[in-house]
Amino acid sequence: MEFVPSCLQIPQSLPGPAAANFPLYNLYFWRRGDGLTEEAESTAHRTPLPPIVSLFLRLFGTIGLQHFTPPGKRHSALDIKTTSPSSPWVWKVPYVAVLSTRNAVLNTEARTLEADILSRRCVMMRLLDFSYEKYQKVLRQSAGAVVIILPANMSAVPQDILRQFMEIEPEMVAMETIVPVYFAVEDEELISIYEQTLAASASQGSSSAAEVLLHTATANGFQMVTSGAQSKAISDWLVTSIEGRLMGLGAEDLPTIVIVAHYDSFGVAPWLSYGADSNGSGVSMLLELARLFSRLYTYKRTHAGYNLLFFASGGGKFNYQGTKRWLEDNLDHTDSSLLQDNVAFVLCLDTLGQGDTLHLHVSKPPREGTLQHTFLRELEMVIASQFPEVKFSMVHKKINLAEDMLAWEHERFAIRRLPSFTVSHLESHREGLRNSIMDVRLRVDTSTLTRNTRIIAEALTRVIYNLTEKGAPENLQIFTEQMVQQEQLDAVMQWLTSQPRAAQLVEKDSTFLHTLEYSLSRYLKDIRLHYVKADKRDPEFVFYDQLKQTVHAYRVKPAVFDLLLALCIAAYLGVAYIAVQNFGLLYKTVQKLSLKVKQQ
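Per full-length UniProt numbering, the sequence shown runs over residues 1 to 600.
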């Protein structure tokens, strides 16, 4: 899978109206800046005209042609204000792209789906009107590009439309296409451009040819042009993972519980991939669990005989590459590691921010007498006794090594024969929410995330301190609502969703990673960073540069407008020429008419 995000921007400033000074000798006229081109100026000096003709031409140029451009030429971005003083396009809109193609260069005229001809056009469509059938139609007609306009307020979008797009999104990612696909968040200016383009496209279906010709000549169009270069593969991009630990009290060979959550997000447009539920909720829970158990491990009375190893993995959306390399470094390339000694189980946190269900995903059902089975039993008991509104189940799915992508992160550990499972509110790994740009902050309910954090914390604590065997009642609340801080979870979620976290956007020295490292270091010891880089000979993932580009929107007139303009100019000059050539006859005719009027 190869992704090339980019950014589309409209110029921020435009010059004022230029002076209206046009030589009209050959039915063409030029402009360069506020004056004439050298060619036009030299022509003006070489071909002097009679004073009466000059007067006519200057008058005509002043009152009628000061907004015209050469036939066959378009109004450039620098001429927008001069061309249409009442509608200057001075605004900025973020566009992000491009999915499934390395080609992000764009130079096409804008159209909507209503147009009859979409070939080599930039097709604009709103999310509310988007469907897979329409998307396929655009691709079949060999469109030059696609711009999908997203609502500024996702909460106002009907749920059925969101679900439909999330179902289509994986197919858009998997589909190979040479057509660049852009996404833009709507605002007033962008909607205005869309509506004008929609009106121009819809007019092509009018019943009268005259209406089509008239509308075509008077309508405004938009040309979308990128100025960026072709994207190139980045060979040395590093994906970063962070680990920290709380060492147990007692002998050296203590059992280790590993708690894992991947921090990166994924979607059809990386610059719009905020990954709120998947997997911002998992990272938020991991940080809160680190805070809670660091307090317990501070005091000797509550310092348990278990090592707790916390791991925030990178590259989770790319087949868990960060976890894969971490396991290789700890199991294959070192003599001493907590993962080599005595791993009780690995608990992976994924998509835990909504719903009244919790599922424990396993590759192999845990056997009785193991700590993995003990955790399952404690989890069931905590939910049944303290949170009866939550529906819990265990989902067993064998690892399918024939598939390109693993289903859940615990499968990386299960392949290395480490007991592991994933907790999620999703019953299936194929849910579109896990890899969608629609996974925004509004998708996570902080109260639900807080409740799920309490459930996991209670179950872990009962396992670590062996409370059931010691006769602790089933409904014993170890962590009250005040101890699991909802405000803390909400603040972390706000921070995580304030920036896109696609793996190809998170640099190793980014502010996001520094903040995550600092947050873990507040509660954990021995913080370590791990890096993974794609193999140059046989890379498992490829990232590209040119993540941002500048695209200029030009306001244009169609070619038929230039034709009509040329005809009007030719007719005017013809009349002027005849009048000048027959000036004597014209003068006598005017005198006769004047005498008749006086005699009457």
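We treat Cβ as the ideally placed atom computed from N, Cα and C, and that holds for glycine.
- The way I'd put it, the stretch 295 to 302 doesn't touch the stretch 355 to 370; fewer than three beta-carbon pairs between them come closer than 8 Å.
- Counting only unbroken stretches of 4 or more residues, no alpha helix (DSSP H) element lies wholly within the stretch 217 to 266.
- By the criterion of a C-beta distance shorter than 7 Å, K324 is surrounded in its chain by R412, once the five residues flanking it on both sides are discounted.
- DSSP, read as helix, strand or coil, puts Y297 in coil.
- Contact annotation: I191 and E517 have beta-carbon atoms that are not nearer than 7 Å.
- For the UniProt domain "Peptidase M28" (256 to 381), the continuous beta strand (DSSP E) assignments of 3+ residues that do not extend past its boundaries occur at 256 to 262, 307 to 313, 343 to 349 and 357 to 362, in sequence order.
- Between the stretch 278 to 286 and the stretch 443 to 454, the count of Cβ pairs shorter than 8 Å is three or higher; the stretches touch.
- Setting aside the 5 residues that flank it on each side, M381 is surrounded in the same chain by E474, each with a C-beta closer than 6 Å to its C-beta; the list follows chain order.
- Here the C-alpha atom of E378 lies approximately 23 Å from the C-alpha atom of R417.
- Counted as a single uninterrupted DSSP element, the stretch harbouring A502 is not any alpha helix (DSSP H), since DSSP gives it neither H nor E.
- As the crow flies, the alpha-carbon of E540 is around 49 Å from that of A472.
- C-alpha of G315 to C-alpha of V560: approximately 52 Å in a straight line.
- Cβ neighbours of K391 within its own chain (closer than 7 Å, five residues either side excluded): D356 and T357.
- DSSP, read as helix, strand or coil, puts I148 in strand.
- In the three-state scheme derived from DSSP, where H, G and I count as helix and E and B as strand, Y182 is classed as strand.
- When C348, L139, L442 and L593 are compared, the shortest CA-CA separation from V157 is found for L442.
- Scanning K134, S393, D350 and A145 for the CA closest to the CA of R434 turns up D350.
- Residue burial annotation: P419 is buried, with at least 16 other C-beta atoms found within 10 angstroms of its C-beta.
- Taking every protein chain shown into account, the CB of F583 has fewer than 16 other CB atoms within 10 angstroms, so this residue is exposed.
- The secondary-structure analysis by DSSP pairs N107 across a beta bridge with V225.
- Taking the Cα positions, A145 is about 49 Å away from L524.
- Excluding five sequence positions before and after L567, none of the CB atoms of its chain fall closer than 8 Å to its own CB.
- Using a Cβ-Cβ distance cut-off of 8 Å, the stretch 421 to 436 and the stretch 268 to 279 are in contact, since at least three pairs of beta carbons, one from each stretch, lie closer than that value.
- For Y465, the secondary structure class from DSSP, reduced to helix, strand or coil, is coil.
- Below 8 Å, too few C-beta pairs join the stretch 297 to 308 and the stretch 506 to 520 to call them touching: fewer than three.
- Just so you know, the alpha carbons of F222 and H396 end up roughly 54 Å apart.
- D445 carries a coil assignment under DSSP once its states are collapsed to helix, strand and coil.
- For R140, the enclosing alpha helix (DSSP H) covers residues Y132 to R140.
- Between H303 and G248, the alpha-carbon positions lie close to 7 Å from each other.
- From the listed residues T497, A579 and L565, the smallest Cα separation to W271 is found for T497.
- DSSP places R163 outside any beta strand (DSSP E); the residue lies instead in the alpha helix (DSSP H), whose first and last residues are Q159 to A174.
- Residue range S420 to S424 is occupied by the beta strand (DSSP E) that includes F421, with no alpha helix (DSSP H) assigned at that position.
- Taking C-alpha positions only, L162 is separated from T256 by approximately 41 Å.
- In the displayed model, A579 falls within a helix according to three-state DSSP.
- For T461, the CB contacts under 6 Å within the same chain, skipping 5 residues up- and downstream, are I478 in chain order.
- The continuous beta strand (DSSP E) containing R126 extends over residues R121 to R126.
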